[in-house]
Amino acid sequence: MMQHLPVLQVLLPLLAAPFAALLRGRDLAWGVAFITTGAAFLISIALFLEQRALGTTLVYEMGNWAAPIGIVYVIDAASALVLPVISGIGFVATLAARQLVAAEIDARDHALFYAAWLLTIAGMLGQVTTGDAFNIFVFLEISSLSAYALVAMGSGRDRRALPAAFNYLILGTVGATFYVIGLGLLYMLTGTLNLVDLAERLPQVEETRAAFTAMAFIALGLFLKMALFPLHFWLVPAYAHAPSAVTALMASTATKVSVYVLIRLIFGVFGVEFPGLADAVGLLVLTLGIAGAFVGTLAAIVETDLKKLFAQSSIAQLGYMAIGIGAMSATGLAAAFLHLFNHALMKGALFLAIGMIAAQAGRATMGTIQGAGKQIPITMTAILFGGLALIGVPLTAGFISKLYLIRALLEQDFWLLAGLTFLSSALALAYVWKIIEAAWLQPRPKGAPKLHETASQYIPAWIMVIATLGFGIYATPLVQAAFAAAHVFIPSVAGAN
Amino acid sequence: MNPFIEQLLGQWNYYLVIVLMMIGFYGVIARGNMVKKIVGLNIFQTSVFMLYISMGKVAQGTAPILTGDPTTVYSNPLPHVLILTAIVVGVSTTAVGYALIIRIHESFGTIEDDDIIAQLDDEEDVS
Amino acid sequence: MAKSKNPKSKLTPALGLRLLAAVAGLLVLAEILVHRHAYFALEAMPLFFAGFGFLAFLAIILGSRLVAKLATRPVDYYDTPEGDA
Amino acid sequence: MLEMLLSIPGLLLIVGALLVPVLPHAPRQAYMLALIGVSGYLTFGIETGVHTTASLGGLDLILVRAEAMTKPFALVFHIAAALNVFYALHDPNKTTSAAGLAYAGAAIAALFAGDFLTLFLYWELTAITSVFLVLAGTSARTMNAAMRYLLMQVGSGVVLLAGAGLLWRDGTGLTIQAVDALTPAGLCLLLAFGIKAAFPLVNGWLQDAYPEASVTGTVMLSAFTTKLAIYMLALCFAGFTPLIYIGAVMAVLPVFFAAVENDLRRVLAYSLNNQLGFMVIGIGVGTQLALNGTVAHAFASTIYQGLLFMALGAVLHRTGTAKASQLGALAKSMPLTAIFCTVGALSIISFPLFSGFVTKSLTLGAVAKEGYFFVWLAMVFVTVGAVQHIFVKAVYLPFFGPAPKRVKAKEAPLGMLLAMGAAAALCLGIGVYPEPLYALLPYDARYEVWKAGYVLGELQLLFFAGLGFVFLSLRGVYPTAMDTTVLNTDYLFRRTLPRATMAIAGPVLRVWFVVLAALKRSVLQMLKISEQASRESGLVSGIASIGSAAGIFLAMFALMLILRQVM
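Residue numbers (the numbering used here), protein chains in the order written: chain V, 295 to 791; chain H, 1061 to 1187; chain X, 36 to 120; chain F, 20 to 586.
Encoded structure:
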């Protein structure tokens, strides 16, 4: 059974989804979701350990068809690192979802909600495990479509969820279609869709303009799915008006998967030496990344709605991942993987905590949390730790990823960029302080409803906070895993990590 | 024949794809009406299907459906299979899109972008 | 060298003055008997120290008058809140 | 730990001082005396040369080093510390006795410091411990005076550190040795020692803070800081001729101020200043005789100056005031204090058979030998000054002069009498038999003091100065004491400096506030704009922006292709 784990990782949630859709009883659907995501999380950890132990890439051929013809699932250092993040967040979000969904979505839709929930998780896991380019597109669409539906489900409480979902759909589809066009061109040039095969055949044709155009199409499609700076407009309304559980899940995973796919394709298939990649795309990604960091942070400072505020900050954090990728070096890539991992933890903690508040108070704005420091201290402290991690305060995971990001930049002598990265993360202090000040330093307004918190409400958020602090304090295994993942794409020069 | 015409004739299908793609894109960008956006999106996706299918065409090759006769020449089946999936994806996206449009119409009373924005602004001013 | 002006004591002012004059005379007389090794020409002058002592005292009182005029202020000068450093 | 405590002189007192506040009154005095005794015995046994060194981060520090002139200073510091304990027997205040002991310990330890860094440590320690003595004062102005005092003392420490730093940078190493004053490091050190030795322009703190301290505090203060500075000047700048003229100015000017000053303890502070002038002249001349003179004079001055401060402290303690304008005819009610005070006065005006005569003459002789006529003349002039502001003003008039109003006073408490008695005995002893003190002096140079001509000259000088007083008072011209504030160089720091800074800072502050207001307006403006942008319809996080988003998407695509061509 052990060797079937890679496919089980995806199949389990995929099959559980329709099954959950049928269960109309109270919490039954949630039960299925909980068990499935739990199992998926265990599988991903097993895969991670197995891959680390073996040190090589696990390949699972679907139906025993050999690679170029058949579809293979590949678990290498990179996917082994990202899988636990996706399934872990999925599991904890499902844990929290019971409360959040019960509060925000009426009982009739629960079964369907969890079906879509499982589908989007399955889609994401599929994108990470599959070794076939077109298969990535299929899983991409599976997760996106269910995501559109999940966002739209927020309309029960906030009708703005509908236009937000619609716009998310339009732009998401445009992005995915661009990706398919790029794939088509690649297929024309190389005749294969298997990632490893593509990588081998591409060098013969990489001088042609079609190859670069294919790369441009693919990269652009993924930029949009990953909400890189100018293409991020769909993200903020979608996350802000979606149900709190969905925001928590999506914010920590959806865009991260696209970052992983971008790395897998840009570095895995095209490779760093691909003509025009380093200077054209690399430069573009760097500039957009740092621009995104500043725009996101400044917008967050101004924002009053907490969900929007942290959605904006997600754009900034994604900017940092883009910078990691743009640095086109092993350390840069490792920094991107680290930040992918840590950001998922931080955002998970933040949105789970905010979700709890939003569930009680309708909308979580600066007003709702004013003076809440005393009423719901534990939840607010979770938000505080999440905020500190966002800034990159030492002893939190955020610090580790910022540290390696700046080190990567310095290795490439991007002094200005390193300075700007540091500055923008310092700027993040502004909106975190804004929240701290509102929650603790200002009195609770008279008429404001009394907020309350129960263990089941803040435990999910605190699981993520403890993970953030844990990986912040004892980060060596995570850093090694990140560098192992980076070396899959840029083989480590002897000595230099 | 001058090389330009020759090249045009040789790859007329790709030009068609580009034209369709731009028409579809225009529909998405320029039109405020949501239904028109979905239609534009469909046109845009169809152009991709055209791209894949036309690249797989083998001279005198028939559609890659087994005819039982081993001597028949088929076009490359792979693009066709891929596009089957892509069509399914396209259809489901359109379905979700229209479902959303119906719900938007129910709650906003309009499916014009600008009107929805106006309503949202007024609502925001009130709150 | 206490010149006591205490009425109960035996020394009346007149007696006191006569005593002072006697000591002064003695010191002047001693000047002639005793040779003083002098480093400076002026120092070698007879009765230099006596004269200098007397004149120096007067100069000091004169000087103190000048200081009193220029450098004195009312007692609470520094206590006024002109930003006492 | 104990071994280190006993090997470093002064440390025993510093650490011992920590226990002082814990003990009740009586055992505390015994404990302090015992500590001083042990410390004295230990320090007296130290031969010259380097004893203990330590290294701190690559710098080798000489913790204990004895110079030829360290022994007399150490001895007089111990004597002063012991006298202070007796003097403060009546004083229940625990902090002053603890601070006083630590202060003495720090000063003693500083004497034995072999390098500037260790010196800096103890230098600052003396500053900090002595501030508590000033703070113990009762008058309203005490707090401000203490702060000004602390600023000057710590300032001197900082300048010392700067000098040490410069020395280290020049690579000449940190050990304390003769320093060329005309280098930047030398100037820093000169200024640092100069502040604590009350050089002209920086002597304000002495006359400002000492009289504000408590009765016992002033006595303790008068002994250590200034003499430590003189010791350091002697070590580093012996023979630096400009010091002669600095010393001369330091000696002459205070004479006039002392004549006018009404608070007798402030008169004594001026007198302390001109005694320091004498010593600085000696260091400036720099010959062995002159240095011997300085050390001997420092030794004797610590005692008789201390005695005078004690006597007037007792008067202040009993009558509640030290103002000349309010004191008179105290001899009847405080006979013993009067006698001891007279002995102190006779010593300070270097009357034959008293300590001042045998010590100041060394310096006087050295100056005369070197042929500095005007400086010699100034020193004689200052002796007459001492007759006026100490013998007449601080002793004769308050104790024997007429009392403006009935001043109620009792004899000083036993502790004070004991201390004053011992000090007076010492003054007389040194005056009569100076040999043991001469033996302690660093060099063998001697000056035959007991020559008939010299003694006669001295007697004539002093007697005729007295006649000057009699002459003026008979003619009724002698100025009566008025209660005024006499401006001193601390005026520079208390008025001129603040006014100057305000003159400069004023316009700068005004410009700054204008800039700040403009900045705030622009930030608010920017916030309002972005507030607008983040509405639903806004570009930043609004829903409406799909059309433009797709447009940007295409533009990005075109950009990437162009970049490929361009790059």
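The beta carbon of each residue, even a glycine, is placed where N, CA and C say it ideally should be.
These numbers come from a predicted model, not from an experiment.
Residue i vs residue j beta-carbon contact at 8 Å
i, j, result
"isoleucine 249/F", "methionine 298/F", "yes"
"valine 1151/H", "glutamate 435/V", "no"
"arginine 71/X", "leucine 493/F", "no"
"alanine 330/F", "phenylalanine 359/F", "yes"
"proline 537/V", "glutamate 398/V", "yes"
"alanine 505/V", "leucine 483/V", "yes"
"alanine 387/V", "alanine 542/V", "yes"
"glutamate 477/F", "serine 369/F", "yes"
"tyrosine 141/F", "threonine 235/F", "no"
"glycine 303/F", "leucine 262/F", "yes"
"threonine 382/F", "histidine 316/F", "yes"
"leucine 479/V", "alanine 508/V", "yes"
"alanine 539/V", "alanine 443/V", "no"
"glycine 583/V", "isoleucine 617/V", "yes"
"asparagine 222/F", "asparagine 281/F", "no"
"tyrosine 408/V", "valine 326/V", "yes"
Cβ-based neighbour list, residue i, same chain, cut-off 6 Å, excluding 5 preceding and 5 following
i, result
"glutamate 597/V", "Leu603 and Gln606"
"proline 1124/H", "Tyr1134, Ser1135, Pro1137 and His1140"
"tryptophan 756/V", "Ala676"
"glycine 642/V", "Ile383, Ser546 and Met758"
"aspartate 370/V", "Thr351 and Val782"
"phenylalanine 7/F", "Chain F is shown only over 20 to 586; residue 7/F falls outside these bounds and no answer can be derived."
"aspartate 452/V", "His535"
Cα-Cα separation, residue i to residue j
i, j, result
"isoleucine 365/V", "threonine 486/V", "11 Å"
"alanine 120/X", "serine 241/F", "Note that alanine 120/X has pLDDT 42, beneath the 50 cutoff, so the model's placement of it is unreliable and the number below is only indicative. Distance between the alpha carbons of alanine 120/X and serine 241/F: 24 Å."
"histidine 109/F", "arginine 53/X", "45 Å"
"alanine 779/V", "threonine 1131/H", "49 Å"
"methionine 544/V", "glycine 77/F", "58 Å"
"isoleucine 760/V", "alanine 446/V", "32 Å"
"glycine 656/V", "alanine 396/V", "13 Å"
"glycine 741/V", "methionine 674/V", "20 Å"
"glutamine 611/V", "arginine 454/V", "25 Å"
"aspartate 599/V", "methionine 660/V", "6 Å"
"tyrosine 1075/H", "alanine 1119/H", "19 Å"
Close-in-space but distant-in-sequence residues of the same chain around residue i (CB under 7 Å, 5 per side omitted)
i, result
"alanine 493/V", "Gly562, Val563 and Gly565"
"aspartate 189/F", "Ala204"
"methionine 1081/H", "Phe1104 and Ser1107"
"leucine 644/V", "Phe604, Ile677 and Gly680"
"methionine 615/V", "Val553, Ala630, His633 and Leu634"
"alanine 403/V", "Note on residue identity: the sequence assigns aspartate, not alanine, to residue 403/V. Contacts found: Met447."
Own chain, CB closer than 8 Å to residue i, minus 5 neighbours either side, in chain order
i, result
"valine 1088/H", "Lys1097, Gly1100, Leu1101 and Phe1104"
Point to revise | At least 3 beta-carbon pairs within less than 8 Å: the segment 468 to 488 of chain V vs the segment 509 to 520 of chain V | key: In this structure the segment 468 to 488 of chain V lies against the segment 509 to 520 of chain V, because at least three pairs of beta carbons, one per stretch, are closer than 8 Å.
Check your understanding: Should the segment 225 to 232 of chain F be called in touch with the segment 154 to 161 of chain F, which here means at least 3 C-beta pairs below 8 Å?
Key -> Contact between the segment 225 to 232 of chain F and the segment 154 to 161 of chain F is present, because at least three Cβ pairs lie under 8 Å.
Check your understanding: Can you give, in chain order, each stretch of the alpha helix (DSSP H) that sits fully within the segment 475 to 563 of chain V and has at least 4 residues?
Key -> Positions of the alpha helix (DSSP H) runs, each at least 4 residues long and wholly inside the segment 475 to 563 of chain V, are given as 489 to 499, 503 to 519, 529 to 535 and 538 to 557 in order along the chain.
Review point. Mind pulling the alpha helix (DSSP H) runs of 4 or more residues that sit fully within the segment 705 to 733 of chain V?
Key: Secondary structure remark: continuous alpha helix (DSSP H) runs of at least 4 residues inside the segment 705 to 733 of chain V, in chain order: 709 to 730.
Check your understanding: Which runs of the alpha helix (DSSP H) fall wholly inside the segment 319 to 402 of chain F and span at least 4 residues, in chain order?
Key -> Fully enclosed alpha helix (DSSP H) runs of 4 or longer: 354 to 367 and 374 to 389.
Practice item. Counting only runs of 3+ residues fully inside the segment 190 to 265 of chain F, write out the beta strand (DSSP E) ranges in chain order. Key: Whole beta strand (DSSP E) segments, 3+ residues: zero.
Review point. Per the contact definition of three or more C-beta pairs closer than 8 Å, is the segment 723 to 731 of chain V in contact with the segment 679 to 693 of chain V?
Key: Enough Cβ pairs lie closer than 8 Å, so yes.
Practice item. Flag this pair as touching only if the segment 409 to 421 of chain F and the segment 361 to 378 of chain F have three or more C-beta atom pairs under 8 Å; answer yes or no. Key: Counting Cβ pairs under 8 Å, three or more are found: they touch.
Practice item. Report yes or no: do the segment 499 to 517 of chain F and the segment 430 to 437 of chain F share at least 3 C-beta pairs separated by less than 8 Å? Key: No, they do not touch.
Check your understanding: Any contact of the segment 112 to 127 of chain F with the segment 32 to 39 of chain F, i.e. 3+ C-beta pairs under 8 Å?
Key -> Taking 8 Å as the limit for Cβ pairs, the verdict is that the segment 32 to 39 of chain F does touch the segment 112 to 127 of chain F.
Check your understanding: With a cut-off of 8 Å, do at least 3 Cβ pairs link the segment 54 to 61 of chain X to the segment 442 to 449 of chain F?
Key -> In this structure the segment 54 to 61 of chain X does not touch the segment 442 to 449 of chain F; the number of beta carbon pairs closer than 8 Å is below three.
Point to revise | Touch test, the segment 272 to 290 of chain F against the segment 340 to 357 of chain F, Cβ-Cβ under 8 Å, three pairs minimum | key: A contact exists between the segment 272 to 290 of chain F and the segment 340 to 357 of chain F.
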